[in-house]
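Contents: one structure, followed by commentary.
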Amino acid sequence: MSELLVLPPALRDVEPVRSIRTPARLEYTFRAGEATSRFLRGIASKRILGERCPVCGKVMLPPRGSCPTDGVPTGEQVELADRGIVTTFCVVNVKFSGSAMELPYVCASVLPDGADMGLFGLVQEIPFDQIRMGMRVEAVWVDDDELQPNLASIKWWRPTGEPDAPYESYREHV
Amino acid sequence: MPAAEILSAPLVLEYPFSRTVGPVQSAFLTGLREGVVLGVRAVDGRVVCPPMEYDPTTSDELTELVELGEMGTVATWSWEPEPRPNQPLDRPFAWALIRLDGADTGLLHAVDAGSPERMASGMRVRIHWKDERVGSITDIACFEPAEAA
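Those sequence lines, one after another, are chains A and B. Residues in the first sequence are numbered from 4 upward in steps of one, following the numbering used here. Residues in the second sequence are numbered from 25 upward in steps of one, following the numbering used here.
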């Protein structure tokens with residue numbers, strides 16, 4: 004505290020306030036739109052559905068119904084494998100409210116085979132310090148009776164044991 | 025292809041920020057907890073409330089805290105007909121800039137006036153303190169219209 008600051012007598016012998024909580028909260032109703040609704044319904048039946056752009060040929064995931072590069076509708080449905088590669092990842096060392104995850108854990112961007120955009124997910128069943136870019140992984144789904152139209156239906160991704168993908172094969176997606 | 029039903033779901037974004045407050049805001053918030061409102065004297069002699077750490081004109085460090093009264097005068101106001109969650113009151117109220125006695129600037133707070141007909145610039149208001157105070161601007165539950173002295 005500033006040495007020059009003089010407190011009124013009433014505040015001199017009480018514990019000062021040092022910090023305040025200033026939570027920011029925004030409550031939305033998220034409407035998925037047609038394309039993402041199709042994708043989420045696919046997830047509820049353990050299928051990963053992307054959509055291909057007729058101009059650039061890239062497969063968008065999760066599909067939003069149009070190509071962000073070419074601005075045209077992505078009408079063609081493409082069913083993707085529920086396995087792919089870790090393109091990039093981070094080791095989470097900080098606990099945040101609402102998370103029951105044991106630290107440290109790994110969040111990764113997983114590029115399913117055939118897709119041009121990655122899904123965000125957890126990587127488990129391997130020590131966190133052995134996870135690497137290019138590692139081959141497969142989806143671990145929740146039990147069938149727990150499948151829902153959201154990405155919580157993929158519990159996490161686990162290594163398949165296949166050889167790592169070479170960097171050149173996914174460098175566009177990092 | 026028939027349009028399938030569009031999925032929707034609640035989505036809440038929440039950032040649980042906390043921050044340190046510095047010496048002057050600390051004194052202000054501690055004062056609120058103890059039931060006292062503090063301003064700070066600026067270089068030109070005006071009393072600023074809520075208090076600032078540095079002079080708004082010269083940027084000099086400000087150190088003279090001033091205890092203010094529990095009564096004040098509404099400078100400007102705006103009626104809030106449909107309060108939202110976490111606003112100071114759950115019934116219609118006025119947002120007002122209130123010049124507390126002894127201060128030269130306005131403190132933004134709620135006036136529990138019941139209806140906009142009871143609001144006017146220049147009206148006198150009084151602090152309504154919460155019973156349980158924690159060191160927050162919400163320790164002032166609201167202001168209430170006070171009869172002219």
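Positions of the beta carbon are idealized from the N, C-alpha and C atoms, including for glycine.
- DSSP, reduced to helix, strand and coil, places Glu128/A outside both helices and strands of the structure shown, so it counts as coil.
- Where Ser42/B is concerned, the enclosing beta strand (DSSP E) starts and stops at 42-44.
- Pro169/A is positioned such that its CB atom lies no closer than 8 Å to that of Arg44/A.
- Going by DSSP, Ser112/A is part of the beta strand (DSSP E) stretching over 108-115.
- Taking 7 Å as the Cβ-Cβ cut-off, the region 10-25 of chain A approaches chain B at Leu10, Pro11, Ala13, Leu14, Val17, Pro19, Val20, Arg21, Ser22, Ile23, Arg24, Thr25, given in chain order.
- Any Cβ of chain A closer than 8 Å to the Cβ of Tyr39/B would place that residue at the interface, and such an atom is present.
- The beta carbon of Gly146/B is closer than 7 Å to those of Thr97, Val98 in its chain, skipping five residues each way along the sequence.
- Using a Cβ-Cβ cut-off of 8 Å, Val98/B is close to nothing in chain A; its nearest Cβ partner there is about 26 Å away.
- Look at Thr162/B: its C-beta is not under 8 Å from any C-beta on chain A.
- DSSP, reduced to helix, strand and coil, places Gln49/B within a helical segment of the structure shown.
- Proximity of Ala165/B to chain A, defined by a Cβ-Cβ separation below 8 Å, is not satisfied.
- Between Ala27/A and Leu150/A, the C-beta gap is not smaller than 8 Å, which leaves the two residues out of contact.
- Beta-bridge annotation (DSSP): Met95/B is paired with Arg150/B.
- Identification of residues in the region 75-103 of chain B having a C-beta nearer than 9 Å to some C-beta of chain A yields Glu77, Glu85, Leu86, Thr87, Glu88, Leu89, Val90, Glu91, given in sequence order.
- A check of alpha carbon separations from Ile51/A across Pro130/A, Leu122/A, Val140/A, Arg161/A identifies Leu122/A as the nearest.
- In the structure shown, Arg44/A adopts helical secondary structure according to DSSP, grouped into three states.
- For Asn110/B, the closest alpha carbon among the candidates Ala13/A, Glu171/A, Thr90/A, Glu30/A is that of Glu30/A.
- Nearest in C-alpha terms to Leu125/A, of all of Ser102/A, Arg174/A, Pro66/A, is Ser102/A.
- Rounded to whole angstroms, the gap between the alpha carbons of Met136/A and Phe92/A is 7 Å.
- Residues of the region 132-156 of chain A with a Cβ closer than 9 Å to any Cβ of chain B, in chain order: Pro152, Asn153.
- Straight-line spacing of the CA atoms in Thr87/B and Val64/B works out to 7 Å.
- Contacts with chain A (Cβ-Cβ distance below 9 Å) from the region 145-160 of chain B involve Val158, Gly159, Ser160, listed in chain order.
- Closer than 8 Å to the CB of Arg28/A there is at least one CB belonging to chain B.
- Under the DSSP definition of a beta bridge, Thr100/B partners with Leu121/B.
- Per DSSP, reduced to three states, the secondary structure at Pro169/A is coil, with no helix or strand assignment.
- At the C-beta level, Gly159/B and Leu92/B stay beyond 8 Å of one another.
- Any Cβ of chain B closer than 8 Å to the Cβ of Arg86/A would place that residue at the interface, and such an atom is absent.
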